[in-house]
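Undergrad: Positions 14 to 256 (this note's numbering) are the ones given, in order, by the sequence shown.
We put the CB at the ideal spot given by N, CA and C, even for glycine.
This structure is a prediction, so every number in the text was calculated from the model and none was measured.
I'd like to ask some things about the structure below.
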Amino acid sequence: MTVFHYNKDLFPHYGPYYQISTTKHTKTKLCPSFHDFHLLTKCQISPTVIKIFSLFLSHSLSSIIIIHLLKICPLERKKHTILSSLYHLLLRSSPNMEALIHHFTLLSDQALVDKTFDPATIEDLMRLFEVDSYKAWAALETEQQQELEAAEESIREAEAELDRDMEWGMEEYRRTLEEMERMEAAELKELEEKAETARRTGNLLEKAATIAAKRHIAAAMGSAAASMRSAWKTASGSKVHPS
C-alpha cells in the first residue's frame with residue numbers, strides 16, 4: 014500500500030490531511046499539524062497517486078517537500094518506471110538551492126556505493142544548478158532594478174518638493190520686496206510732501222519778514238523825515254531879523 018500525505022494549504026479543495034490507500038481507495042483523516050508529505054514505496058504505485066503527484070509538482074513546493082521527494086530510493090526508481098517518471102518530472106520543476114544541494118549530497122553518496130551510477134544524473138543536476146543560479150541572479154537584478162527605480166522615484170519626489178519650496182520661497186520674497194518698496198515709496202512721498210510744505214512755509218515767512226522789514230524801514234524813514242522837518246521849522250522860527 015502506498016501512503017501519501019499532502020498539505021491542505023496547497024490543495025484546499027481536498028479538505029484536511031488524508032491518508033490515501035491505493036488498494037482500498039479509502040481515505041482517513043490525519044492530524045492537521047503534519048506539514049510535509051512522504052512517499053513510502055511498498056508496492057507498485059497506482060495511477061491515482063501519479064495524478065496527485067502531478068498536481069503537487071505543478072505547484073510551488075517548499076524545499077522540505079522537495080527534499081522528501083528526493084529521498085526516493087534510486088534502486089527502486091530503476092525497478093519502477095512510474096518512480097522514474099516522477100523523478101524526471103521532479104527534475105523539471107524549479108527547486109531552490111537548498112533542495113539542489115541536498116540532492117547533490119544524495120547523489121554523491123550514491124555514486125560512492127553504486128557501481129552502476131549514471132554520471133549523467135549529476136550533469137542534469139548541474140544544469141539545474143545553473144538554471145537556478147541564473148534565476149537567482151535575474152531575481153536579484155530585478156530586485157535591484159526595482160530598488161533603483163524606487164530610489165529614483167524618491168529623488169524625483171524630493172526634487173519636486175524642493176522645487177515647490179523654492180517657488181514658494183521666491184514668491185514670498187517677491188511679495189515681501191514689493192511690500193517694502195511700496196512702504197518706502199509711501200514714506201518718501203510723505204517726506205517730500207513735508208519738505209514741500211516746509212518750503213512753502215519758509216517762503217511765506219520770508220515774504221512776510223521782507224514786507225515787515227520794508228514797512229519798518231519806511232516807517233523809520235517817515236519818522237526821521239518828520240523829525241527833521243519839525244526841527245527845521247523850529248530853527249527857522251527862532252531866528253532874529255538884523256534890522
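Once you ignore the five residues that flank K207 on each side, which residues in its own chain have a CB closer than 7 Å to its CB?
TA: Excluding residues within five positions, none has a Cβ falling inside 7 Å.
Undergrad: Entirely within the segment 151-219 and at least 3 residues each: give me those beta strand (DSSP E) ranges in chain order.
TA: Entirely contained in the segment 151-219, not one beta strand (DSSP E) run reaches 3 residues.
Undergrad: State whether the segment 108-128 contacts the segment 136-146, with contact taken as three or more CB pairs (one from each stretch) at a distance under 8 Å.
TA: They touch, by the three-pair rule.
Undergrad: Using a 10 Å radius around the Cβ and a threshold of 16 neighbouring Cβ atoms, would you call L204 buried or exposed?
TA: L204 comes out exposed.
Undergrad: Buried or exposed: which applies to L11, given that a residue is buried once 16 or more other Cβ atoms fall within 10 Å of its Cβ?
TA: Residue 11 lies beyond the stretch modelled for the chain, which goes from 14 to 256, so this question has no answer here.
Undergrad: Return helix, strand or coil for T129, following the three-state DSSP convention.
TA: T129: coil per DSSP, three-state reduction.
Undergrad: If we ignore side chains and look at the alpha-carbon of each, how far apart do S240 and T223 end up?
TA: Using only the alpha carbons, I get a separation of about 25 Å.
Undergrad: Decide if A248 is buried, meaning its Cβ has at least 16 other Cβ atoms within 10 Å, or exposed.
TA: That one is exposed.
Undergrad: Tell me whether A112 is buried or exposed, calling it buried when 16 or more other Cβ atoms sit within 10 Å of its Cβ.
TA: With 16 or more other Cβ atoms within 10 Å, it is buried.
Undergrad: If we ignore side chains and look at the alpha-carbon of each, how far apart do E172 and E165 end up?
TA: Each residue's alpha carbon lies about 10 Å from the other.
Undergrad: Any chance the CB of Q159 is under 8 Å from a heavy atom of the ligand GDP?
TA: With respect to the ligand GDP, the structure shown offers nothing to examine, as it has no ligands at all.
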